[in-house]
Every structure is written in structure tokens, then in C-alpha cells.
Amino acid sequence: MKKVLGILLVIGVLAVVPLLVSAAEPLIMGTTDRVTELSFANSYDHFSWHVLRATTDALMKLDDETLELKGAIAESWDISADGMVYTFHIRPGITFWDGAACDAAAVKWSLDRTIRLDGPEGGVGLIKGVIDHIEVVDDLTVKIFLTQADAIFLLRMSQELAPALIYSPKTTPADDFAKGVYAGTGPYKLVEYVPDQYVKYEAYDGYYGKAPKTKDVIEKMYSDAAALRAAIEAGDVDFIFRTLSPQDIKSLEDDPNVIVSFYPPSPGVRYLLFNVTQPPVDNPVVRQAISYAVDRAAIVEQVFSGTVDPIYTMVPMVDPPFLGAIDVFPHRNLDVARALLKSAGYSETNKLELNLWYTPKHYGTTEGDVATVVASSLEETGMIDISIQMLEWGAYTERMSSGGFDMFFLGWHPDYLESSNFLAPWTTESPEGLGTFFNHNEHFDIYKQLMDIATTTADTTVRSNIYKAVQLLSVQDVPWIPLWAMTDEMVIATLPGVHGATLNITMDVCIWNVYKD
Amino acid sequence: MGGITRYALQRLLLTIPMLLILLTLVFLILRVMPGDPVAAMLGGRNVSPQLMDEYRHKMGVDRPIPVQYIEYLGDIVRGDFGDSFSTSKPVVSEIFLRFPATLELAFFGLLFSWIFGFGTGLLAAVRVDRPIDHVVRIFHIGSFAMPLFWLGLMLQVIFAVKLGWFPVATRIGGRIAFTFQSKTGFYLLDAILSGNGKVILDVAKHLVLPSVTLGFAQAGLLGRMTRASMLEVLDADYVTTARAKGLKERIVVLRHALRNALIPIVTVFGLQFAILMGGAVLTETVFSWPGIASFLVRSIEARDWPAIQGAIVFIAIFISVINLAVDIAYSFIDPRVRY
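So the sequences go chain by chain: V and A.
When we follow our numbering, the leftmost residue of the first sequence carries the number -15, and every step to the right adds one.
When we follow our numbering, the leftmost residue of the second sequence carries the number 25, and every step to the right adds one.
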């Protein structure tokens, strides 16, 4: 009898082993994104940051579900009364994959190194100007001294910003960009990155937080939306994220073997910009007329088949809306547009002649169609004559920052999720770099003062009112015309049986939450 | 010094002025193109023009063009193509990372084109003016008239999405990739060396559709050349003599006619490689194939000057070497040729 039981036990074990093996099958994500460089101090793109975030943490993080700012490597923190000193208490027992302890010294080393290296392709500027110096108090306490009070400093120290991520001094090169050579705290270990092919991850057993739901994950890179769509249709990947064309989204929705999920709203915004020094758009009345004439509904329906949402302010009206967000720009009204054009001296016989600049590939393949639709909507006034102009991205940005555009398209993925990041860049922070030359506008000083106060004000009611004021002012000065939110990027397609692949306003998928049956 | 060695050396010496002209042209075209690397990299971001100028200075792209040119040539002589602006890694390592993928694809594309081109060309020649000849000729013309990207997409839809016989794109499946580590960059070779049947099958299946796409147009061209060359040879006196001697038709065609018909076809081999490198740009894009051609396209979009310069020079050297090898091989195929 014992023999029989023993044989049955062996058979049982042998039968279970294949099941265990199949349970460990890797999860495969497909994307058209590329890693530019896995360096904390020299990368500034969605996918590179996505990989870095999956493999290490910062002092703070946004909760995956509630999006509330909470401690990550920091267990708690204190802020001095004047808002100039932040004391972080490090969670005890955190280790990097290379076995080194993640303590106060490692935190200081990481941040100091990132700020010192400050690569040309990085986003270090988002933290560099704010931090004066860092001091280690004891093994688990670090003090960060600021150059000025900063209302969003905790957000700057969150995982959302790759320059704020913490990594191991034992593995990461001290004086060169990491280029994939680093050790993080998890939740995943970076196993292998093959440029233009894939990124492999394995769950880090020593992760201090909740263990990832899938042990092995691979993210495969496809060259374009057509290949990405075909990959999920053929079952080559388990889910796809970024970026499908509107036509592919519609087509996949009809495929019974693929589940398409939308996660609106999106904080990514698309808009028209004006160089306010460039005739004829140096006249604010002309810019106001255009803001009344532009047809967002036509863009949404004719170009994007309803997969994006029209917007009437630069500050995302997400759920809950960003601080101070209010719809301020007018809905389409051709009569008002014509009246404004007439008051600016234009008529059916003396038309306003304008260029409309776009770049063909940087924002996907729909840009030319958007330009055609916008040009038609403006020309419907009967008083505007648009000449559509196109430049490839490298030449586009060069001409933009040298003031060579009058009216042009641009897009914005937020650096951090706060309203100021949707108002300051084009008006007060980089008006020349971003082509508006708004620093020459007569009301520039007002904007500057308002944004400066907002930056140093912790009181959210005051900040909210300031942001509202800036948005209302922008309707008169029209440095921009908000057009649509990039909801088409908030789409994930999965095979049946794949769970947890969701998006929130960080516009990123948390791969540690994804698993399949 | 033997004739062939002297010839090879002469050809290699001639390569030097050719490369110098190419290097200069690439250098100048990049500098006069609108858009600079810093604008392509930082444009559209919250960065001031002053900071952009600072980075231009750091990257050395603000120096006078003659100074950049002299430094550029000096670096290349030392074998240093600089670091890629996009990835911060040495251009040479970026090229060697991707070149095996392109070479593997080109090899199998070429293999397909030769097998298919020869086979159909031969068939058409021995069945001249019969229905099969007409069908094959239409196929030959159609194959090189067909746009590569369209063919690639059709193959993907039919054989990957609808039938599920082959994967849609990339070099290796996601599940297999976890059990595979490439050592040489040539995935099929690595797969065979690993001895793992599943890996070999997966990698081979990933090669089929891109190789067919890349080799298809070349197959038509080769088929037409083979047919024309074979028809000429089949009319020759020595073939009539062979037939008169009572040799079997199969032996007449394969042993006597085909060998001589091959001579003019082999000469296009070197040129074929150059054309394949051009075709690889489209094929690599359609099939997400991470080779040097798609790397070059992305580098141009990013105005990554060192990467563009390095990739173009590397491709030029490679095609020169292939052509030299073909010329040398020619003397072995045709004993009348002596260097």
C-alpha cells in the first residue's frame, strides 16, 4: 500500500511540475516606445522613465490606486516651518538588488550624483534648482535644504520624476551616466535590456513593498502602431500599451479576441501656440478670433474618430481636476470670430494670411490631418487664409525656438502632476525655448509675479485662485489655444485572461499589478 | 606578389578616396540640413534657448565647421566614431550591436532570392514560351514592381494574424526570450549552438516573413536574369553538341548550361547586397527588426550626427568589401578571368 501511495505521490508531483512551470510563464507587453537611455541623469522620455520606475523607488510615490502622495523609501518626513528644510526618515531594512543597504547615505549619494551629472538629455532641472544641499543626519535620516520654499517639493521627490529615484552606490558608476548599470530597490530587477528589442524584468525577492503579481515580465518593442496591433491580434503579446492609431483602436474594438480598455481622462494636452511677437498674430485680437473659430469637434470626430476629448483649458480637467482647473476658452462661434477679425481690420477681401506649422511624425501619424481640419475650420470664417507648413521634428524645434513660427502645434506630457506645469512653461519658464516669446508680451510681468507666488505658496486655496487667474488671463492674451486631451494614449488592449493592466493620470501602466490567468 | 593579392590591394587603396569623399559628403549634408541635434533632443521641452546653447557647446556642435571636420576625420582615423547623442554609447558599439541582425536578415533574404530566382528562372528557360514560362515571367515582373512595405504588411496579415503560422514581427518570441541569451548577435546561430529545439524553431519562424519580404524583389530580378542567361547558353553550339552526344537533358541543363549561365549572374551579387541594404530600411521597419538600417533612420530623425556618420561609413565599407570579394571570386568561377 505504501508503495502504491509513493508511486501516486511521485506521479502527482510530476503532474504538478508542468503546471508550476506554465504558471511562471512570463507576461509579455508590446509597445512602440523606445528606451533612449537607462540613466537617471540623462534620460527624459516616457519609456526610459517607465523602466527606471519599475526597478527602483524614490523617497515618495503616488499611490497606484488613490494617487495620493505617500512615503516610499521615506517612511515619514518633517517640513521646517519656513518650508526650506525637508527631513526624511528612511524606512529601515530596504536593500538594493546588489545587497547594499538603502540608507540615508545612499539617498544623499544618489541625489547628489544625479544633480552633479545633469545630462543634456535628462530632466535633472526639475529638481536641481530647488535643492541647495543634502545632509545625512544618521543612518536613516536625511535632510534636504532648499534654495527657496517649494510648494510641490514632495511631488518633485516622488517616483514620477526619474531624477528623484534612488539607486545603489555599490553598482552604479559614480562619474558616468548609468546607461543601464545600476541596482535599485525593486519591485523588479532589470534582467536584460536589448536596445530596440526588449526589456526583461524579474521580481526582486527583497522588495520592501507588496510583491509583484507576475514574476517575469518582458516588454517587447515594435516599430509602429500597425505592427503593435498585429502583435496582439496574433497573440504574440499579452497586452499592448502606447501607442495605437485611432483606426487601430476602432478596429481592435471589433475583435472578439482582444479587450480594449479606455482610461480617460488624460493629463496629456495638445494645443496651438502663437509667437506673440510675430505679425499678424502679435495682435491679441487676431489670436482671440482664432480661438473662437477653431473647431475642436471636427478634430475629435474627423481625425480621431472620437478617441480623444476636446479641452478648453491647459490645466487638465481630470478626476479630480487639477488644482484651479477651469474651462475658460470659448466654444466655437464663427460670428464672434468674424466680428473680432473685422475689428482687427480684416475682411472677406482683405484676408488674414497665416501659416500653420506642424511636424509629421513626432506626435504620431495624424498630425497632417489635424492641420488640414484646423485650417479648414479657420478658413470657414471666410476671412482667414491658411498656408499649412510642415517641418521634420529636428528642424521644427530649431525654427520654433528661434522665433520662426507664427502659429504652430505642440503637445505636452506633464513633467509632474501639478497645475503650474501646465501654465508656466510657455508663459514664464521657457517662453522662447517653446516658441511663444511671451516674455515680450505686455502682461508678462503679471504672469511672472503670479507664478512666482504660486511656486512658494503652500496654501492650496491661494494657489488654486492664482492658477484660475492665470487661466482667465490667458483667454485675453491667448498665448495658446487648448485643443484636445490625449485620451488616445490612455488605451490598453489585452488578451482575455490578463488582469490589472490599467492606467491612471500618471499615464503609465504599473506592471507589478498585471498578471494573467 | 600574386595577381589576385595585387588586385585586392589596389582595390583596397581605391576604397580610401571613396571613403574620404563619402565622409566629407555625409559630414557636410548633416551640417547644412535644417535642425541640429540639440534642437531635436530638447525641443518642445521646458528648456531655455540659453540652456540649449550651453548643451550645443558641451556637445561641440557650435564650433566652426572646418574645426569639426578636422576633428571628425582625426577621430575616424583613430577608429573613434564618437558617442551617439541619443544613447551616450560609443557609435561603434551601437553599430556592432545591430549589424548582426541586418546581416542575418540580408543573408536569408539573399538565400531566398537566389533559391527562388534561380529555380523559377531555370524553369522558365527550359519551358520557354510555354504557359509556365508566361506565368513565371509575370511573377518576375510583379515581384520587383511590388512595394516592399506593402508585401510585408500583407504577409503579416495573412501568415501571422490570420493563419498564425509565423510571428508578426521582432527577432524572438517573448516567452522564448526568457530562456535565450545571444552571444554573437546572430540569433539563429546562437539558437543552433544552444541546441534547444524550441529556440531554434522560434528564431527560424521569426526570420521567415522578413527574409521573404526582403528577398522577393531580388528573386524576380534574378529570375529574369537567369532565364535570359540560360536561353542564351541553351542556344550555344557546345550545348547542341552535348545534346547530340546523347546526354540526358537534365545533365545538359544543370552541368553544361547552368554553370556558364551563372557567370553574368554572379557579378550582380555585390550590387544585390547594396540594394538589399536599401530594402532593409523598409523591411526592418515593417517587421520591427532591430538592425542597422532602422537605427540609421531613427538617428536621422534625431539628428544624431555621430550615429549617422558611423552607420553610413560602416555600410559603405561593408558593401565595398563584399564587392571586392565578389570580384575576386569571379576569377575562380570564370577561368578566363585573370588578375
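Positions of the beta carbon are idealized from the N, C-alpha and C atoms, including for glycine.
CA-CA distance, V/G484 and V/F246? Rounded to whole angstroms, V/G484 to V/F246 spans 13 Å at the Cα level.
Report yes if the C-beta distance between V/T39 and V/Y172 is below 8 Å; otherwise report no. A contact, by the Cβ cut-off of 8 Å.
Within 8 Å, strictly: CB atoms of V/V221 and V/K204: Contact: yes.
Return the first residue and the last residue of the alpha helix (DSSP H) that A/I182 is part of. For A/I182, no alpha helix (DSSP H) segment is defined, and its DSSP state is neither H nor E.
A/R274 - DSSP class collapsed to helix/strand/coil: DSSP places A/R274 in helix when its eight states are reduced to three.
Taking the straight line between their C-alpha atoms, what separation do you get for A/G26 and A/Q34? Their Cα atoms are separated by approximately 12 Å.
For the 8 Å Cβ check, are there 3 or more pairs between the stretch 263 to 274 of chain V and the stretch 412 to 420 of chain V? At 8 Å Cβ cutoff, the stretches do not touch.
Quick one: Cα of V/S385 to Cα of A/E78, how far? Those two C-alpha atoms are separated by around 14 Å.
For V/P398, would you say it is in contact with chain A, using Cβ-to-Cβ distances shorter than 8 Å as the test? So, not an interface residue.
In the DSSP output, which residue or residues are listed as bridge partners for A/F297? None, per the DSSP bridge assignment.
Option in V/P230, V/A214, V/M470, V/Y166 with minimal Cα separation from V/V35: Of the candidates V/P230, V/A214, V/M470, V/Y166, V/Y166 places its Cα closest to the Cα of V/V35.
Using the beta-carbon count (16 or more within 10 Å), is V/K345 buried or exposed? Counting every other CB atom within 10 Å of its CB across the protein chains shown gives V/K345 a total below 16, marking it as exposed.
Beta-carbon within less than 7 Å of V/I63's beta-carbon, same chain only, minus the 5 sequence neighbours each way: which residues are those? These residues qualify, in order along the chain: Y70.
Can at least three beta-carbon pairs, one atom from the stretch 485 to 494 of chain V and one from the stretch 442 to 458 of chain V, be found at a separation below 8 Å? Verdict: no, contact absent.
Within 8 Å of any Cβ in chain A, is that where the Cβ of V/A7 sits? Any reading at V/A7 is ruled out, since the residue's pLDDT is 46, under 50, leaving its predicted position unreliable.
What's the C-alpha gap between V/T227 and V/A209? About 6 Å.
Contacting positions in the stretch 258 to 272 of chain V - beta carbon closer than 7 Å to chain A: Residues are counted here when their Cβ sits less than 7 Å from a Cβ of chain A; for the stretch 258 to 272 of chain V the count is zero.
Strictly under 8 Å for the Cβ-Cβ distance: is A/K82 near chain V by that measure? With 8 Å as the cut-off, A/K82 counts as an interface residue toward chain V.
Using the C-alpha atoms, what's the distance from V/S235 back to V/S361? Cα to Cα, the separation comes out at about 28 Å.
Assuming contact is defined by CB atoms lying nearer than 8 Å, are A/A252 and A/S167 in contact in what I supplied? The answer is no: Cβ separation not under 8 Å.
Pull up the distance between the alpha-carbon of A/G133 and that of A/R154, whole angstroms please. Approximately 29 Å, taken between the alpha carbons.
Is there contact between the stretch 181 to 197 of chain A and the stretch 228 to 236 of chain A, where contact requires at least three CB pairs shorter than 8 Å? The stretch 181 to 197 of chain A and the stretch 228 to 236 of chain A touch, with no fewer than 3 CB-CB distances between them shorter than 8 Å.
Which whole-angstrom value is the C-beta distance of A/E128 and A/F183, which I expect to be below 8 Å? No, A/E128 and A/F183 are not in contact; Cβ-Cβ is about 20 Å, not under 8 Å.
Our contact map puts V/V269 next to V/S327 with C-beta atoms below 8 Å; I'd like the distance itself, whole angstroms only. Their Cβ separation, rounded to whole angstroms, is 6 Å, which keeps V/V269 and V/S327 in contact under 8 Å.
By the 10 Å Cβ neighbour count, where 16 or more other Cβ atoms means buried, how is A/L175 classified, buried or exposed? Counting other Cβ atoms within 10 Å of its Cβ, A/L175 reaches 16 or more and is therefore classed as buried.
Could you compute how far the alpha carbon of V/W396 sits from the alpha carbon of V/L256? V/W396 and V/L256: Cα-Cα distance of roughly 11 Å.
Classify A/D261: buried if its beta carbon has 16 or more other beta carbons within 10 angstroms, exposed otherwise. Around the beta-carbon of A/D261, fewer than 16 other beta-carbon atoms lie within 10 Å, marking it exposed.
Exposed or buried, what is V/N425 when buried is set at 16 or more other beta-carbons lying within 10 Å of its beta-carbon? Label assigned to V/N425: buried.
Per DSSP, what kind of secondary structure is V/R226 in: helix, strand or coil? Of the three classes helix, strand and coil, the one that applies to V/R226 here is coil, per DSSP.
Let me check understanding here. Comparing Cα to Cα, which of V/A89, V/M374, V/P104, V/L149 lies closest to V/D122? For the residues V/A89, V/M374, V/P104, V/L149, the minimum Cα distance to V/D122 belongs to V/A89.
Candidates V/D189, V/A187, V/N241, V/L307: which alpha carbon is nearest V/R213's? Cα-wise, what sits closest to V/R213 is V/N241.
At a CB distance below 8 Å, what residues from the stretch 63 to 88 of chain A approach chain V? Give them in sequence order. For the stretch 63 to 88 of chain A, residues whose beta-carbon sits nearer than 8 Å to a beta-carbon of chain V comprise A63, A64, M65, L66, G67, G68, R69, N70, V71, S72, P73, L75, M76, Y79, K82, M83.
Among the residues of its own chain, which have a CB less than 8 Å from the CB of V/S6, if the five just before and after it don't count? Because the pLDDT of V/S6 is 40, which lies under 50, any placement of that residue in the model is unreliable, and the number read from its coordinates should be weighed accordingly. Excluding sequence neighbours, V/S6 sits near nothing in its chain.
Close beta carbons around V/H117, own chain, < 6 Å, minus the five adjacent residues each side: Within its own chain, the residues whose Cβ lies closer than 6 Å to the Cβ of V/H117, once the five positions on either side in sequence are excluded, are F129, listed in chain order.
For A/L135, which residues from the same chain have a beta carbon less than 8 Å from its beta carbon, with the 5 sequence-adjacent residues on both sides left out? So the qualifying residues of the chain are S235, G239.
Among V/T441, V/W410, V/N497, V/Y499, which one has its Cα closest to the Cα of V/P463? Residue V/W410 is the option with its Cα nearest to V/P463.
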